Amino acid sequence: MSRGGVLVLAALVVCALAIPSTAPLAAAQEQRTLYVAPQGSDSGTCAQQSPCTSFDRAYQVARPGDVVEVAGGTYPDQRLSYDPSKTSSDDVIFRPAADGQVVTGELDFGGRPSPTAASHVTIDGQGRWASGEILFFLRDPARPASDITLQNLKMRRDSGIFIHGADHVTLRNVEIGPSCCGTDGMNLVPDDVGDVHRDVTNLLLDHVTIHDIVRLCAQDKTAPPTCRDQPEAHTDCIQAWSGVNVTIRDSRFINCSTSSLLVEGGFGGTVSNWTVENNMFGPSAEGSVNFIFFVGNQPGLLRGTSRVAYNSMAGSIKADPEAFAPGAGIDVVGNITVVGGGCSEGLRYSHNLFTDGKRCGPTDRSGNAAFVSNTPYGTDLHLGASSAATGAGDPKDHPPLDIDGDARPLRSAPDAGADQREPASISVGRSIGAVALGNTLQSVQARYGKAAVRRVKGSDLSLSTYRLRRVGALRVYSRGTRVVAISTGSAYYTTPKGAGVGVPAPAGTGTWDACAKAYRVGRGARATLFRTFRGKQSAKVVQVVVGAGALPVRPAPKGCG
432 MSRGGVLVLA ALVVCALAIP STAPLAAAQE QRTLYVAPQG SDSGTCAQQS
482 PCTSFDRAYQ VARPGDVVEV AGGTYPDQRL SYDPSKTSSD DVIFRPAADG
532 QVVTGELDFG GRPSPTAASH VTIDGQGRWA SGEILFFLRD PARPASDITL
582 QNLKMRRDSG IFIHGADHVT LRNVEIGPSC CGTDGMNLVP DDVGDVHRDV
632 TNLLLDHVTI HDIVRLCAQD KTAPPTCRDQ PEAHTDCIQA WSGVNVTIRD
682 SRFINCSTSS LLVEGGFGGT VSNWTVENNM FGPSAEGSVN FIFFVGNQPG
732 LLRGTSRVAY NSMAGSIKAD PEAFAPGAGI DVVGNITVVG GGCSEGLRYS
782 HNLFTDGKRC GPTDRSGNAA FVSNTPYGTD LHLGASSAAT GAGDPKDHPP
832 LDIDGDARPL RSAPDAGADQ REPASISVGR SIGAVALGNT LQSVQARYGK
882 AAVRRVKGSD LSLSTYRLRR VGALRVYSRG TRVVAISTGS AYYTTPKGAG
932 VGVPAPAGTG TWDACAKAYR VGRGARATLF RTFRGKQSAK VVQVVVGAGA
982 LPVRPAPKGC G
């Protein structure tokens with residue numbers, strides 16, 4: 432085009448932009464609800480009056496962001512296949528009807544013989560969905576199963592999850608097990624189609640429970656009469672031959688026959704950038720000791736930097752030196768574990784508690800974890816009051832919350848393992864640590880043990896003072912059998928924004944109350960005070976009181992009548 436033509440075109444564009452548009456903006460598509468029922472028909476429209484019978488038909492009819500309501504009942508195997516219109520990040524969401532219990536056979540995302548894989552799907556069981564095996568396959572190199580979320584779902588007995596070459600898969604609040612005998616709870620496998628090789632990538636396991644994955648019927652307390660022993664089987668809660676960018680957090684592994692997590696070479700898979708954090712790995716009825724094991728049968732299998740941190744384990748963390756590619760390593764931080772046969776090359780140890788009398792790094796400790804229950808049945812790896820894990824973690828390197836969502840300390844060392852025995856939180860108007868307003872005194876005593884108790888002068892209140900190891904003092908005020916106020920002078924406790932003892936109150940910490948000589952949040956019985964040194968507004972906080980309105984009023988300073 433000539434230069435003059437360019438100028439004319441530019442002028443036309445400017446004029447067009449200057450003219451206000453009278454065309455209405457395209458309305459965003461509204462979320463629709465589609466329906467599936469065991470007695471439906473795929474010749475229907477998936478409307479409430481004419482439900483479909485297969486998940487795939489509903490998926491094909493749905494637009495991104497639509498909801499598919501699944502009527503209660505039992506469904507045969509279901510396969511979801513590729514739909515080119517599903518490119519949006521808004522998933523098609525399958526969920527049970529409000530009054531329905533859903534039971535499905537196999538759920539297949541791209542499995543054989545389906546040539547292509549579904550993507551952008553959420554299965555939200557809402558605690559009322561039991562599924563058979565779930566399969567993810569690559570099948571078409573250009574269309575792997577991707578962007579799939581399974582949540583609030585329970586797998587049926589002897590049903591696992593098998594992921595082959597899929598991408599962006601999330602499992603949240605999913606239960607797998609029991610399974611007997613000889614089948615893993617979950618497999619991660621690279622997939623090959625023609626000349627294309629694809630690893631499992633971007634996998635998240637969040638609040639997943641895998642339990643009673645065994646190979647001997649006697650180890651499964653609910654095994655049916657048809658159970659048959661498989662003593663030669665290699666039975667793991669998770670067995671992985673592949674995985675790039677894998678996160679396993681806030682999950683529980685209980686009674687896994689061979690290993691809780693076995694990562695090994697095979698099928699040409701790659702393993703890199705794993706995070707295994709805040710999990711509990713309970714003991715096996717077989718007494719196996721390798722709970723996380725990176726096997727060196729494929730030299731250079733492990734690449735990049737992985738992290739195994741703040742896990743509570745009845746067994747060990749192992750890695751064969753041959754498994755590491757040049758420059759690869761695993762940071763092992765803040766775990767409760769055992770050394771077992773010896774410390775592993777390629778693992779960088781820091782602030783772990785070893786329970787078998789040994790240590791692997793200069794900041795590691797050795798001692799008793801004092802788990803509540805370290806048995807294959809009734810496992811509870813929360814910390815007892817005497818645990819050597821208290822304060823054993825790294826003050827500069829830890830997740831902000833533990834496996835239960837309790838806060839770890841911002842300004843002191845956390846506990847090693849997945850459990851922070853004493854929550855380090857101040858919840859304004861509600862609680863300090865594990866004590867909340869309205870708790871029974873009996874429940875507080877059951878948690879903390881004996882306290883120094885006295886009457887509060889001029890009131891009907893009792894004051895119980897608990898001195899907590901590596902934490903400090905926590906004072907609990909009660910009227911009758913109920914907690915009405917809590918106070919502390921310990922810097923261990925803070926609000927999420929960091930307000931607490933030992934630092935000036937951050938901006939936004941209530942309003943300055945000159946009469947109380949404190950920052951005040953709220954009024955009435957649940958008011959929270961952040962009292963400062965000598966009552967100076969800019970000074971550091973020296974005491975926090977939750978429920979201050981329930982305490983006797985101090986003599987008012989001049990002018991505060």
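Under my numbering, the first residue of the sequence shown is numbered 432, with each subsequent residue one higher. Ideal Cβ positions, reconstructed from N, Cα and C, are used throughout, including at glycine. Source: prediction; values computed, not measured.
Backbone secondary structure at residue i - three-state DSSP
| i | result |
| --- | --- |
| arginine 646 | coil |
| glutamine 670 | strand |
| proline 752 | helix |
| phenylalanine 964 | helix |
| alanine 745 | strand |
| glutamine 729 | coil |
| glutamine 491 | helix |
| glycine 955 | helix |
| phenylalanine 486 | helix |
| serine 921 | coil |
| tyrosine 897 | strand |
| valine 902 | coil |
| histidine 595 | strand |
| proline 935 | strand |
| arginine 659 | coil |
| aspartate 795 | coil |
| phenylalanine 698 | coil |
| aspartate 846 | coil |
| valine 631 | coil |
| alanine 916 | strand |
| leucine 949 | The amino acid occupying residue 949 in the given sequence is alanine; leucine does not appear at that position. Strand at alanine 949. |
Distance between residue j and residue i (C-alpha atoms, nearest Å)
| i | j | result |
| --- | --- | --- |
| glycine 558 | leucine 778 | 39 Å |
| asparagine 766 | phenylalanine 712 | 11 Å |
| glycine 864 | valine 887 | 22 Å |
| leucine 692 | aspartate 835 | 21 Å |
| asparagine 709 | valine 907 | 30 Å |
| tyrosine 506 | lysine 652 | 28 Å |
| lysine 585 | serine 610 | 13 Å |
| glycine 931 | alanine 938 | 12 Å |
| valine 552 | glycine 591 | 19 Å |
| proline 527 | threonine 535 | 11 Å |
| alanine 823 | serine 550 | 43 Å |
| threonine 601 | phenylalanine 593 | 13 Å |
| alanine 945 | glycine 933 | 20 Å |
| valine 915 | glutamine 873 | 14 Å |
| glutamate 663 | serine 690 | 14 Å |
| proline 1011 | arginine 463 | Any property of residue 1011 remains undetermined from this structure, which presents the chain solely from 432 to 992. |
| glutamine 974 | tryptophan 943 | 15 Å |
| valine 770 | aspartate 837 | 28 Å |
| aspartate 643 | glutamine 650 | 8 Å |
| isoleucine 475 | leucine 538 | The amino acid at residue 475 is misidentified as isoleucine; the sequence shows glycine. Each residue's Cα considered, the two are about 22 Å apart. |
| alanine 457 | arginine 629 | Model confidence at alanine 457 stands at a pLDDT of 42, short of 50, so the residue's coordinates are unreliable and nothing is read from them. |
Opposing strand residues paired with residue i [DSSP bridges]
| i | result |
| --- | --- |
| leucine 982 | According to DSSP, leucine 982 bridges with nothing at all. |
| threonine 553 | Ile524 and Thr580 |
| alanine 561 | Val534 and Lys585 |
| tyrosine 513 | DSSP lists no partner for tyrosine 513. |
| phenylalanine 540 | Leu511 and Phe567 |
| serine 691 | In the DSSP output, where bridge partners are listed per residue, serine 691 has none listed. |
Heavy atom of the ligand NAD within 7 Å of residue i beta-carbon
| i | result |
| --- | --- |
| lysine 749 | Absent from the structure shown: the ligand NAD. Ligands present: none. |
Neighbourhood of residue i by C-beta distance below 7 Å, restricted to the same chain and skipping five residues each side
| i | result |
| --- | --- |
| proline 455 | For proline 455, the predicted model reports a pLDDT of 45, less than 50, meaning its position is unreliable and no value from the coordinates is stated. |
| threonine 453 | Note that threonine 453 scores 43 on pLDDT, short of 50, meaning its location in the model is unreliable; the coordinates nonetheless yield the value given after this. Excluding sequence neighbours, threonine 453 sits near nothing in its chain. |
| alanine 493 | Leu465, Val499 and Val523 |
| glutamate 853 | Gly864, Ala865, Leu899 and Val902 |
Span of the beta strand (DSSP E), counted from its first residue to its last, around residue i
| i | result |
| --- | --- |
| glutamine 470 | First-last for glutamine 470: undefined, no H or E at that position. |
| valine 498 | 498-501 |
| cysteine 687 | 683-687 |
| glutamine 974 | 972-977 |
| alanine 740 | 736-740 |
| arginine 886 | 883-886 |
| isoleucine 834 | Premise fails: isoleucine 834 is in no beta strand (DSSP E) and is neither H nor E. |
| leucine 814 | 811-814 |
| aspartate 762 | 760-764 |
Endpoints, the alpha helix (DSSP H) within which residue i is located
| i | result |
| --- | --- |
| serine 874 | 872-879 |
Proximal residues to residue i (C-beta, below 6 Å), its chain only, five neighbours per side dropped
| i | result |
| --- | --- |
| glutamate 717 | Ser688 |
| aspartate 598 | Pro575, Ser577, Thr632 and Asn633 |
| serine 797 | Phe785, Gly788 and Arg790 |
| glycine 980 | Gly955, Ala956 and Ala958 |
| threonine 705 | Rather than threonine, the amino acid found at residue 705 in this sequence is tryptophan. The residues are Val677 and Ser737. |
| glutamate 606 | Lys585 and Thr640 |
Contacts around residue i, its chain only, beta-carbon distance under 8 Å, and the 5 residues preceding and following it disregarded
| i | result |
| --- | --- |
| proline 469 | Thr484, Ala502, Gly504, Thr505 and Tyr506 |
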